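Here the structure comes first, spelled out in structure tokens, and everything after it is commentary.
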Amino acid sequence: MIDLKYLRDHPEVVRLSLRKRNHSGDEVDAVLTLDEEWRRLFTRQNNLRAEQKKRSEEIATRKRYKEDVTAELAEMKELAQHVRELEVTLKEKEEALQGLLARLPNLLHPSVPEGSDDSANLFLRSWGEIPSLSFTPLPHWELAKRLKLFDLERGSKVAGSGFILYTGWGAKLERALINWMLDFHGRRHGYQEVFPPFVINRETAFGAGKLPDFEGQMYTFTNADLFLNPTAEVPVTALFAGETLKAEELPLSYAAYTACFRREAGAAGKDTRGLLRVHQFDKVELVKFTRPEQSFDELETLVRDAEEIVQALELPYQVVELCGGDIGFGAAKAYDINVWSPGVGKWLEVSSCSNCTDFQARRLNTRFRNPESGKLEFVHTLNGSGVALPRTVAALLENHQQADGSVRLPPALVPYMGVERITSA
RNA sequence: GGAGAGGUGGCUGAGCGGUUGAAAGCGACGGUCUCGAAAACCGUUAAGCCUCAUGCGGGGCUUCAAGGGUUCAAAUCCCUUCCUCUCCGCCA
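Using the working numbering, the letters of the first sequence map in sequence onto residues 716 to 1140.
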């Protein structure tokens, strides 16, 4: 949520930020108009309530002296009715205003590049060499078939297309990667491990910015008002909703594994083969709660932490900064990590790291007391994949495939897998 | 799922429908005392919003799990929902 007061004082800044995101910016005027109406009504109601309270107290005193108050009670009845009516219209206005505000994306950091889609994302750096193989690299679904790593048909049979059944070494690799990533972030970068629920309620989904506009991307239940979690960012960011964190313990860093569920409605075809786009996937997510002045520095270390994962997996990657048109709803600034996939011949997004500034914290009401000012302030929240598994597995298989059809495992994974390579035997 | 108990400020915990935004205690902060500290004593100690002044600040409204209702007036009465605890049932 954007700060309404800020929007009032700096409508131009908000408008420009919206335009950078391919919005018209007219939302700002709608908010301002509604806000003015609301304030007018609010002041009126405020004054009426003050009168009501004052006269109620008078009635209380007069009754104590056994005076007759029937005339007053009649008048007050009318006043109470008036207040009630005003309350209803005020509430309508307020809900409309909140509705508009809840749909405004976060303010972009001024450094975010201009651009309407991912083609305008800014290349920052790359790491590793694209392997030059003596043979034609196979795509991961082909390797998986030969090595019996996952079974797309049977996954479809039990749940539907886009739900993967991992088998044998494929299943073990999935488990190994999860354990290794959690250990890695815990030991090397000091993230505290949490294992959140895989379902989230409405408040949590709203707080993270997934509602009201992205409800369609989540799986819902017919017999409970819950959602299957689309990313661990949602439950972990909401951990301290309504709480006040201690300034001295910030920044707080958490690493969480969850399965992630996404409807990906309408997505089918060439970009969705194998593990490229699925309805359920595993992900280790990194979440930070920071003081406002730290958050952009923390974003840099967050990306580096995620990069170390793909480095240890020996996967060539590039880091790009997302442009205004490609950046997520809650993010003020974001980076993607894309690994090279020789079998598919594409860069695959395996991580997205965002600074959501106070956008989610305001929705969730997660604050800290600033020791300098003594005031309560919203924390900043950050999240980043560290990293998402399916495309990482795809890139791992494709980059480390050998001429003999086996797949070499990077040293980091060997202790977790118990073997140095995956073979069909 | 059934039965019961309960949800009040940072915490513990009072609260006959009418100066109770809320006693008391603890904690925290400030002060007195002290060379310093402890103890003792004194004081301060919720948040959000609107508005005036915009330097401190002033005025008003809201908030006692959440939502609705009764009433001139609700922490207090009624209804619904959520959560916690105990017992039962079911279950890996």
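Where a beta carbon is used, it is the ideal one built from N, C-alpha and C, also for glycine. Note that the structure is predicted; figures quoted are calculated from it, not measured.
query = Taking Cβ to Cβ, would you say R1106 is nearer than 7 Å to V1065?
reply = yes
Q) Using the rule of at least 16 other Cβ atoms within 10 Å of the residue's Cβ for burial, across every protein chain shown, is V746 buried or exposed? A) buried
### Query
Which ranges would you report for the beta strand (DSSP E) in the stretch 900-929 if only whole runs of at least 3 residues count?
907-909, 914-916
With a floor of 3 residues, list each beta strand (DSSP E) that falls wholly inside the stretch 1057-1111, ordered by position along the chain.
-> 1061-1070, 1082-1084, 1091-1093, 1095-1103
Which residue or residues does DSSP assign as beta-bridge partners of Q1116? V1122
Excluding sequence positions up to five away, which residues of its chain have a Cβ less than 8 Å from the Cβ of E1113? P852, L853, P854, H855, L858, S1056, P1057, G1058, V1059
Handout entry: R818 burial status per 10 Å Cβ neighbour count (16 or more: buried)
Key = exposed
* May I ask you to list the residues that DSSP assigns as paired with T973? => K998
Taking T785 as the reference, give the member of A795, I774, A947 with the closest Cα.
I774
Within 10 angstroms of its Cβ, does K925 collect 16 or more other Cβ (buried), or is it exposed? buried
Keeping to the same chain, check which residues put their C-beta closer than 8 Å to that of S771; ignore five residues upstream and five downstream.
M791
Original post:
Would you call the stretch 987-1006 and the stretch 1081-1097 in contact, with 3 or more CB pairs under 8 Å?
Top reply: yes
What's the C-alpha gap between G1040 and L815?
20 Å
Fill in: For R840: DSSP bridge partner residues
V1034
* **Boundaries of the beta strand (DSSP E) in which L943 is found, first to last residue** => 941-943
My parser needs the alpha helix (DSSP H) runs of 4 or more residues fully inside the stretch 782-867; what are they?
785-817, 855-862
| message | According to DSSP, simplified to helix, strand and coil, what is F1004? | response | strand
Note to self: I need the straight-line Cα distance from Q995 to L1104, nearest angstrom please.
What the structure shows: 11 Å
Ordered along the chain, which non-local residues of its own chain (more than five positions away) have a Cβ less than 8 Å from that of V1102? M896, K998, V999, A1021, I1024, V1025, I1052, V1065, S1066
Report the option in Q760, W753, H797 whose CA atom is closest to the CA atom of E810.
W753
Does the count of Cβ pairs from the stretch 1066-1083 and the stretch 1012-1021 closer than 8 Å reach three? yes
Open item on the list: Going by C-alpha to C-alpha distance, which of P825, A1127, Y1050, E948 sits closest to A1076?
Closed with: E948
Just checking, does the stretch 903-920 make contact with the stretch 962-973 on the three C-beta pairs under 8 Å criterion? yes
Report task. For my contact list, R1078 and F921 are in at a C-beta cut-off of 8 Å; report their separation, rounded to the angstrom. Result -> 6 Å
request  = Rank L1028, Q1116, A1109 by C-alpha distance to the C-alpha of G843 and give the top, closest one.
outcome  = L1028
If we count Cβ pairs, one from each stretch, closer than 8 Å, do we get three or more for the stretch 1029-1049 versus the stretch 826-845?
yes
| In whole angstroms, what is the alpha-carbon distance linking H1115 and E1087? | 53 Å
Chain-order list of residues whose beta-carbon lies under 7 Å from that of K781 (same chain, five-residue window excluded): none
Going by C-alpha distance, which of K1090, A1049, T959, A1047 is nearest N1080?
T959
- request: Given a cut-off of 7 Å, decide if T1072 and A1047 are closer than it, judged by their beta-carbon atoms.
  value: yes
Locate the alpha helix (DSSP H) running through S1010, then write down its first and last residues.
1010-1027
Identify whether T946 lies in helix, strand or coil by the three-state DSSP scheme. coil
Give the secondary structure of L698 by DSSP, where H, G and I count as helix, E and B as strand, and everything else as coil. This structure does not reach residue 698, given that the chain is present from 716 up to 1140, and the question cannot be answered.
task: Pull up the distance between the alpha-carbon of L1030 and that of E1135, whole angstroms please.
output: 17 Å
Please state whether the Cβ-Cβ distance between W884 and L867 is less than 7 Å.
no
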